[in-house]
Each structure stands twice: as C-alpha cells, then as structure tokens.
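Residue numbers (UniProt numbering): 1 to 303.
Quick reminder that beta carbons are idealized off the backbone N, C-alpha and C, glycines included.
Predicted model only: the values in this text are computed from it and were never measured.
Before any comments, here is the structure.
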Amino acid sequence: MKKILILVDKVGPKKEMLAELIAERLSDKNTQIVLARFSDLYFEIDGENVIVEVEGTSIERFDLVYFRRAGDKFSGIALTLALCLEELGVKYIDSTWGNIGPLGSKFASLVRLARAHLPIFTTIYFWPTHIEKYQDSLIRKFGLPLIAKELSTQRGKGVILIRTKEDFKKLPLTDSKGRNNQYLFQKFIEIKDEFRVLVLGNKARVWERKIITIKGEFRHNISLGASEEFLPIAKIPEKIADVAADAAAVLNLQIAGVDLAIQKKTNNVFLVEVNRGPGITYDTKISPEIDEMAKFLEESVKK
Numbered sequence: 001m002k003k004i005l006i007l008v009d010k011v012g013p014k015k016e017m018l019a020e021l022i023a024e025r026l027s028d029k030n031t032q033i034v035l036a037r038f039s040d041l042y043f044e045i046d047g048e049n050v051i052v053e054v055e056g057t058s059i060e061r062f063d064l065v066y067f068r069r070a071g072d073k074f075s076g077i078a079l080t081l082a083l084c085l086e087e088l089g090v091k092y093i094d095s096t097w098g099n100i101g102p103l104g105s106k107f108a109s110l111v112r113l114a115r116a117h118l119p120i121f122t123t124i125y126f127w128p129t130h131i132e133k134y135q136d137s138l139i140r141k142f143g144l145p146l147i148a149k150e151l152s153t154q155r156g157k158g159v160i161l162i163r164t165k166e167d168f169k170k171l172p173l174t175d176s177k178g179r180n181n182q183y184l185f186q187k188f189i190e191i192k193d194e195f196r197v198l199v200l201g202n203k204a205r206v207w208e209r210k211i212i213t214i215k216g217e218f219r220h221n222i223s224l225g226a227s228e229e230f231l232p233i234a235k236i237p238e239k240i241a242d243v244a245a246d247a248a249a250v251l252n253l254q255i256a257g258v259d260l261a262i263q264k265k266t267n268n269v270f271l272v273e274v275n276r277g278p279g280i281t282y283d284t285k286i287s288p289e290i291d292e293m294a295k296f297l298e299e300s301v302k303k
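Take a look at the structure:
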C-alpha cells in the first residue's frame, strides 16, 4: 500500500475534509492518506544517521510527504524536515522548502552538517509540548546530566544543564514574546578544550582557546565570562582546521566563526556551532581577527 503524509500547522475540520476528499478521488484505492501536524514530528540526528518519526511511525514508511501548511510557526521545522527527507530519499512537495538559505534555523544548519558527515553531537528534537512524553527516552538515550539548547537564543544564554528529571519541568515553554521555546537535546560530554576558529574564504585564519573562568560554569562563551587566548595559526591542528573549513563550506559561509570542542579522554573533535556574522575582538593588540578580515576582504575585491 502506498502512503501519502499531509502535514499541517494544526488539524481542523477543513483540513480533515481535504484529506478525506483527496482520498476519495484517488484512482488507486490502495493509497492511504495520513493527516498529521508538524508538531507531531520527532527527529534524531548524528553525523551518520537521520531518524524522523511522526507519532511513532518512521517517515520512511511514507511514499510522499506534502507540506500543506507550515505557517511562520513551523517554517523552520519544515525546512529541517525537507533536508532530512532528501537525505532519506523520501519524496516531498513543495521542493522549494529544501532551498531556503541562511534564514534557516540552527537545527536546519545542524542537519546540513550531519548530511556532510561532520562530527556533530547526537541531537534529538521534538515540539516542546511533548517534553513530558519524551523525557524518559531522553534520559535512557543520553543519561544525566544532559543538555537542552534553546533554538532562539545566542551566545550560550539558552544552553541549560538538565541534572535531574525534575529539571525538565523548569524549561521555559515560551520566550519573552510569548512564542514557543524550541529545544535541541544533546548528551553532556566532558570537554577538555573549546576553540573558536575564524574561517575566511575556505581557510582557517584565526583560532582561539575559550577558557572558563567562573567556578561551576560549563559553558565556554566569552559573553558568559570565559576568557580568550589567541593562538598562533601555524599551530592549529589539521583536524580542527579541516572540520572548521568544511563546516563553513557546507553552510556556504565565506566568513564564519566555528566553535569546536575536544572531548576529555578520547580527544574526539565535535562541532558545537557555526556562526555567521561571528563576534570578534576589536582590540587589535590582542586579536588578529580585524587584520585577517581586512586581508580577506581585500583579496575578495581583487578576485
């Protein structure tokens, strides 16, 4: 039996009627129409695999997915789903969803990096109203503590350490504007070092170590009190330089700040985040960023 999934922002009488009328008019009566909401989706991605489910059913069980209506509320999720469907080889309509550029969400960028088999943290996403439904499976998957990252925040402000099951109840479900707070959930790993690499063009041109200075803090963000140590670019490890440059290229960014973490014990390299329009240090006595950006812009003009 063929299966067509129609995804909508919310289910109501008109959308149910649409699904019924389409089903009645299909010449192949062995084709099933399934109506679901974008908020029913569950995602799990890493550098090797993409898993998408809708109400517990693998999205790969469907022969076609029709994005009937996403609205502003679910547009970021629609883009992310389109990228996942391309990776899984599942047909979808409208294909324009897979072509949205830099306005896509952090989650969409993460899927693009995963499709390129870059070393991202295993990440799980679902609509925030389902946190209670999935919290036990998150604990089984990642253990405690684990990380919750707000999609709408920057500079580490929305990165929350979940130490106990009760902490899930403390996650804000709406932001300051009353919009749904969406979260990415990831395993907490002990980090030996975190670096920011400034990629200009297709090359790592500046790198710095981010050093936590506040006792009990686990985030390496400069805006949250971490200090920075700029290092000689000639000493950047090849693995770090290559991952940073590849990540920027995958996202089609010519200027990017790429954050990478080195895991304790294993020394594995993980991509934390890729930032377009990255923050820089303006004191040229401390940081070579301004000098390198000036060189790059001049080189770009001359090409």
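Query                                                                                                                                                                     : Result
Of the choices Leu-64, Tyr-42, His-130, whose alpha-carbon is the least far from that of Leu-5?                                                                           : Leu-64
Does the distance from the CB of Leu-41 to the CB of Ile-93 come in under 8 Å?                                                                                            : no
Enumerate in chain order the residues of its own chain whose CB-to-CB distance from Leu-231 is below 7 Å, with the five nearest sequence positions on each side excluded. : Trp-207, Glu-208, Arg-209
Across the region 233-242 and the region 276-286, are there enough close Cβ pairs to call them in contact, namely three or more that are closer than 8 Å?                 : no
What distance in whole Å lies between the Cβ atoms of Ala-148 and Ile-160, which are believed to be in contact at a cut-off of 8 Å?                                       : 5 Å
Ile-262 and Asp-193 look like a contact to me (Cβ under 8 Å); what is the Cβ gap, rounded to whole Å?                                                                     : 5 Å
Could you please give the first and the last residue of the uninterrupted alpha helix (DSSP H) stretch that includes Glu-292?                                             : 289-302
Using a Cβ-Cβ cutoff of less than 6 Å, which residues in the same chain neighbour Pro-172 once the five nearest sequence positions on both sides are dropped?             : Asn-181
Would you mind listing the beta strand (DSSP E) stretches within the region 64-109 that are 3+ residues and don't spill past its ends, in chain order?                    : 64-67, 91-93
Does the Cβ-Cβ distance between Val-274 and Leu-251 come in under 8 Å?                                                                                                    : yes
So for Asn-168, helix, strand or coil by DSSP?                                                                                                                            : The question names Asn, but residue 168 is Phe in the sequence shown. Reduced to three states, the DSSP call for Phe-168 is helix.
Going by DSSP, what residues sit across from residue 306 in a beta bridge?                                                                                                : What the structure shows of the chain is the stretch from 1 to 303, and residue 306 is not part of that stretch, so it cannot be assessed.
Put Glu-24 into one of helix, strand or coil per three-state DSSP.                                                                                                        : helix
Leaving out five residues on either side along the sequence, give the residues of the same chain with a beta carbon under 7 Å from the beta carbon of Ala-23.             : Ile-33
Where does Leu-224 fall in DSSP's three states?                                                                                                                           : Unreliable positioning characterises Leu-224 in this predicted model, as indicated by a pLDDT of 49, which lies under 50. A coordinate reading is not provided.
Decide if Leu-21 is buried, meaning its Cβ has at least 16 other Cβ atoms within 10 Å, or exposed.                                                                        : exposed
On a Cα-Cα basis, can you pick out the residue from Val-301, Lys-203, Ser-227 that is closest to Gly-257?                                                                 : Lys-203
Between the Cα of Leu-113 and the Cα atoms of Phe-142, Ile-290, Glu-48, which residue gives the shortest distance?                                                        : Glu-48
DSSP three-state label for Val-15, please.                                                                                                                                : Residue 15 is actually Lys in this sequence, not Val. Three-state result, Lys-15: helix.
Where Ala-245 and Arg-205 are concerned, what is the direct C-alpha to C-alpha distance, given to the nearest angstrom?                                                   : 10 Å
Could you give the C-beta distance for Ala-294 and Leu-118, rounded to a whole number, given that I count them as a contact under 8 Å?                                    : No, Ala-294 and Leu-118 are not in contact; Cβ-Cβ is about 29 Å, not under 8 Å.
Of all the beta strand (DSSP E) runs that stay within the bounds of the region 249-294, which reach a length of 3 or more residues?                                       : 255-263, 269-276
Note down, in chain order, each residue of its chain lying with its Cβ closer than 6 Å to the Cβ of Phe-126, except the 5 sequence neighbours on either side.             : Tyr-42, Tyr-134
In angstroms with no decimal places, state the Cα-to-Cα distance between Ile-59 and Val-52.                                                                               : 6 Å
My output table needs one value for Ile-189: the three-state DSSP class, helix, strand or coil.                                                                           : coil
Under 7 Å from any heavy atom of the ligand HEM, does the C-beta of Asp-63 make it?                                                                                       : What this structure holds is no ligand at all, so the ligand HEM is not there to describe.
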